[in-house]
Amino acid sequence: MSDQEAWDELHAEQFEKVAADCDRVAKEWAAKHCIEGYQMAAQILTQKEVYRRMAYSMRQPRYVREERERFEAETSPALPTPTQKDERNA
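Note that the sequence shown covers residues 1 to 90 in UniProt numbering.
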């Protein structure tokens with residue numbers, strides 16, 4: 001993992017912690033069983049989604065690279081082994 005990927009991962013983890021805190025706070029507001037509480041809970045859950053997306057976007061370059069490497073490994077033609085080369089020449 002490069003320094004940039006490590007830095008991005010650290011930020012992604014922090015965003016996920018904030019998203020988890022949003023969940024907790026939203027539940028506290030909803031537990032008040034009043035219109036203001038439900039409105040605050042809805043706003044907080046919207047913020048939670050923002051933080052989840054920010055965490056994903058911090059990790060996206062790594063996800064894209066890993067997916068590209070996996071795809072290339074699956075689709076690249078296998079190199080012939082020495083015995084296969086000999087069989088072709090025969």
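Quick reminder that beta carbons are idealized off the backbone N, C-alpha and C, glycines included.
Bounds of any alpha helix (DSSP H) do not take in HIS33, whose DSSP letter is neither H nor E. By the Cβ rule, the segment 40-50 does not count as touching the segment 61-81, because fewer than three pairs are nearer than 8 Å. Straight through space, the alpha carbons of MET1 and ASP21 are spaced by roughly 28 Å. The beta carbons of ALA55 and ALA26 sit about 17 Å from each other, so the pair does not count as a contact at 8 Å.
A straight line joining the alpha-carbon of ALA31 with that of GLY37 spans about 7 Å.
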